Amino acid sequence: MKIGIINGPNLNLLGTREPEIYGSVSFDDYLKELRSEFSKIQFVYFQSNCEGEIVGMLQKFTHFDGIILNAVAYTHTSIAIRDAISAIESSVIEVHISNTHSREEFRKKSMIGSVCKGTISGFGLQSYKLATIYFNEKN
Numbered sequence: 003m004k005i006g007i008i009n010g011p012n013l014n015l016l017g018t019r020e021p022e023i024y025g026s027v028s029f030d031d032y033l034k035e036l037r038s039e040f041s042k043i044q045f046v047y048f049q050s051n052c053e054g055e056i057v058g059m060l061q062k063f064t065h066f067d068g069i070i071l072n073a074v075a076y077t078h079t080s081i082a083i084r085d086a087i088s089a090i091e092s093s094v095i096e097v098h099i100s101n102t103h104s105r106e107e108f109r110k111k112s113m114i115g116s117v118c119k120g121t122i123s124g125f126g127l128q129s130y131k132l133a134t135i136y137f138n139e140k141n
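Per my numbering, residue 3 is the first one in the sequence shown, and the count goes up by one each step.
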């Protein structure tokens, strides 16, 4: 089984960026835990601050068993990412570390949610684990 994880802008700063919202664990450290817990799954990880690179990686991951996407701010603005999700074969689960519905008004609208298999929000880094469980049980 192969799952792609795509993280968008500023998630390279996890562990130091607003730890009161996003926690104090880096994504690299969390990914080690995820890989250890789901050792039979091959995780391919990509992070970018650039919208076009995220679109390109979605297209590259098109035949994966699943994609976990945290588009961060692009969630609320990117028709290009929405169109890329619609164009690929893989199911995509939208994840968010914080509960976007309990934050600023502009974070409550997702441009990508309606073309994703589902959305997981507000469970910290465990949101990625919940998405992994779904793909693992689906296959």
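By construction, the Cβ of each residue, glycine as well, lies at the ideal position given by its N, Cα and C atoms.
Keep in mind the model is a prediction, meaning the values are calculated, not measured.
- Residues of the same chain with a CB within less than 6 Å of the CB of Pro-11, apart from the 5 flanking positions on each side, are Asn-51, Val-74 and Ala-75 in chain order.
- Segment contact: the segment 84-100 against the segment 27-45, fewer than three CB-CB distances shorter than 8 Å; contact not assigned.
- In the DSSP assignment, no residue is bridged to His-65.
- The beta carbons of Gly-68 and Ile-95 sit about 7 Å from each other, so the pair counts as a contact at 8 Å.
- Excluding sequence positions up to five before and after Lys-4, its CB lies within less than 7 Å of the CB of Gln-44, Val-46, Phe-66 and Asp-67, all in the same chain and listed in chain order.
- Here Cys-118 has Ile-87, Val-94, Ile-95 and Glu-96 as same chain residues with Cβ atoms under 7 Å from its own Cβ, once five neighbours each way along the sequence are excluded.
- Counting only runs that start and end inside the segment 30-98, the beta strand (DSSP E) elements of at least 3 residues fall at 44-49, 68-72 and 94-98.
- Going by C-alpha positions, His-78 is about 29 Å away from Glu-139.
- Annotation for Arg-19: Asn-12 place their beta carbon closer than 7 Å to its own, counting only its chain and skipping 5 residues before and after.
- Apart from the 5 residues on each side of it in sequence, Glu-53 sits with its Cβ closer than 7 Å to the Cβ of Tyr-76, Ser-80, Ala-82 and Ile-83 in its chain, given in chain order.
- In the three-state reduction of the DSSP assignment, Ile-8 falls in the strand class, which pools E and B.
- Ile-135: member of the alpha helix (DSSP H) spanning 128-140, first to last residue.
- With fewer than 16 other CB atoms across the displayed protein chains lying within 10 angstroms of its CB, Lys-111 is exposed.
- Our two residues, Ile-70 and Asp-31, have alpha carbons roughly 17 Å apart in a direct line.
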